[in-house]
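*Asks:* In our numbering, the protein residues as written are 373 to 542.
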């Protein structure tokens, strides 16, 4: 059995899921246009009052993707302003992150399994991982969770999407 490299477990997965996320937004916008309502309504929609709206869910997916490749390669993740207000803005953010993620090669990522990764959340909360645990226990879970929330918000809003829109077509 061939062991999957850190690059194979991260970059292609992130590229695919970011593309699928972009496709979900495309279908959302098309649905809103077809049914003659402002697609911006979808961006502030939440599954429940204490959950993030769709726009923040997309931003978190992007942050996890860019943070993953940067941290695993020993770089500082680029900062984004979180100032998106339209679906076009969100697509541009996804596209920017896709371009960034695709610049990373196996030489950048492979061998990072044991790399120390420290995530600081404010002044008092820190999470420490090895590279492998960071990828498997933090990044991929967050990416799949937040894309699932986008999917659920859109599906609950009547956008005609299905499981293959989430998974993507091979």
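Glycine residues also receive a C-beta, built at the ideal position from the N, C-alpha and C atoms. No experiment lies behind these values; they were computed from the predicted model shown.
Taking the alpha carbon of residue 513 as the point to measure from, which residue in 529, 537, 437 has its own alpha carbon closest?
*Replies:* It is 437 whose Cα lies nearest to the Cα of residue 513.
*Asks:* Between the Cα of residue 489 and those of 501, 540, 466, 536, spot the shortest distance and give me the residue it belongs to.
*Replies:* When only C-alpha atoms are compared, the closest one is 501.
*Asks:* Among residues of its own chain, excluding the 5 on either side of residue 491, which ones have a beta-carbon nearer than 6 Å to its beta-carbon?
*Replies:* Once the five neighbours on either side are set aside, the close Cβ partners of residue 491 are 499.
*Asks:* Measure the alpha-carbon distance for residue 473 versus residue 407 and round it to whole angstroms.
*Replies:* Cα to Cα, residue 473 sits roughly 35 Å from residue 407.
*Asks:* For residue 517, count neighbouring Cβ atoms within 10 angstroms of its own Cβ and tell me buried if that reaches 16, exposed if not.
*Replies:* Exposed, since its Cβ has fewer than 16 Cβ neighbours within 10 Å.
*Asks:* Grouping DSSP H, G and I as helix and E and B as strand, with all else coil, what is residue 552?
*Replies:* Absent from the structure is residue 552, since the part of the chain shown begins at 373 and ends at 542.
*Asks:* Terminal residues of the continuous beta strand (DSSP E) containing residue 517?
*Replies:* Unbroken run through residue 517 is the alpha helix (DSSP H), 512 to 528; no beta strand (DSSP E).
*Asks:* For residue 536 versus residue 419, is the C-beta distance shorter than 8 Å?
*Replies:* Contact flag unset, no.
*Asks:* Quick check: the Cα distance between residue 525 and residue 427, rounded to an integer number of angstroms?
*Replies:* Between residue 525 and residue 427, the C-alpha separation is close to 11 Å.
*Asks:* Check each candidate in 403, 421, 446, 475 and name the one with the smallest Cα separation from residue 483.
*Replies:* Answer by Cα proximity: 446.
*Asks:* Strictly by DSSP, which residues pair up with residue 507?
*Replies:* Answer is none; residue 507 lacks a bridge partner.
*Asks:* At the level of alpha carbons, what is the spacing between residue 404 and residue 487?
*Replies:* Each residue's Cα considered, the two are about 45 Å apart.
*Asks:* Check residue 401 in the structure and name its three-state DSSP category.
*Replies:* Looking at residue 401 - three-state DSSP - the assignment turns out to be helix.
*Asks:* Rounded to whole angstroms, what's the CA-CA distance from residue 385 to residue 477? Just pull it up for me.
*Replies:* Answer to the nearest angstrom: the Cα atoms are 13 Å apart.
*Asks:* Quick check on DSSP: helix, strand or coil for residue 538?
*Replies:* Looking at residue 538 - three-state DSSP - the assignment turns out to be helix.
*Asks:* For residue 459, which residues of its own chain have a beta-carbon under 8 Å away from its beta-carbon, when the five flanking residues on both sides are left out?
*Replies:* Excluding residues within five positions, the ones whose Cβ falls inside 8 Å are 397, 400, 401, 411, 412, 414, 415.
*Asks:* Identify the continuous beta strand (DSSP E) that holds residue 489 and give its terminal residues.
*Replies:* Its beta strand (DSSP E) spans residues 488 to 493.
*Asks:* When burial is assigned at 16 or more other CB atoms within 10 Å of the CB, is residue 376 buried or exposed?
*Replies:* Per the 10 Å Cβ criterion, exposed.
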